[in-house]
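Residue numbers for the sequence shown follow my numbering, so the first one is -7 and each next one is one higher.
The structure appears right after this line, and notes come after that.
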Amino acid sequence: ANGICFPWGLTGQISFADIAAAGSPPAQWDALPTASKWQIFLFIGLLEFWGEGAAKCETPHYTKGGKPGYFPPFDSLRETIGHPTLDLFDPFGLTKKLSPERKEKALLAEINNGRLAMLG
C-alpha cells in the first residue's frame, strides 16, 4: 500500500514489487499466489497450536486464570529438534537477567509511553 517492499522475488515470476503495485491491502492479498496464502495460514496455525496446547506449558491458559498475553517459550522444541529457535517475546533473553525492580520500572515506562502515544 505504501510502495515499500523487499527487493527480491516472491516466486519465480512474481516479485514483492508486483504485489505492492496491486494497490490496496485487499488487492495485494488477492494478488498473492495461493501457495503464499497457505504458507501464512499454516504458520499462524502452528503458532496457535503451540500457544494453545504446548505440552510443557507451566502456566494455566488465560481463560482458566492464567496470564493474558503470555506465549509459552520454545524451550521444549529447542530440546527436541536441536535448532536454535527464538522465542516470540525477548528472543535473545535480555530481560531474564533483570531484577524485579528494573522490570517494574521498564513496565511503568512502557505503560507511560503507551499513554503518551494515545494522546497523539
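C-beta: ideal position from N, C-alpha, C; glycine also.
Given this structure, state the Cα-to-Cα distance separating P52 from G112, to the nearest angstrom.
Between P52 and G112, the C-alpha separation is close to 37 Å.
Tell me the rounded alpha-carbon separation between K59 and D82.
The alpha-carbon atoms of K59 and D82 are separated by roughly 17 Å.
Which of helix, strand or coil DSSP assigns to S28:
In the structure shown, S28 sits in a helix (DSSP, three-state: H, G or I).
Going by C-alpha distance, which of G15, L38, I11, L39 is nearest T26?
Of G15, L38, I11, L39, the residue nearest in Cα terms is I11.
So is F35 buried or exposed if we call it buried at 16+ other beta carbons inside 10 Å?
Using a 10 angstroms sphere on the CB of F35, the tally of other CB atoms stays under 16, which defines it as exposed.
Identify the residues that DSSP records as bridge partners of S7: which are they?
According to DSSP, which records beta bridges pairwise, S7 is partnered with G1.
Chain-order list of residues whose beta-carbon lies under 6 Å from that of I103 (same chain, five-residue window excluded)
Taken in chain order, the list of residues that qualify is empty.
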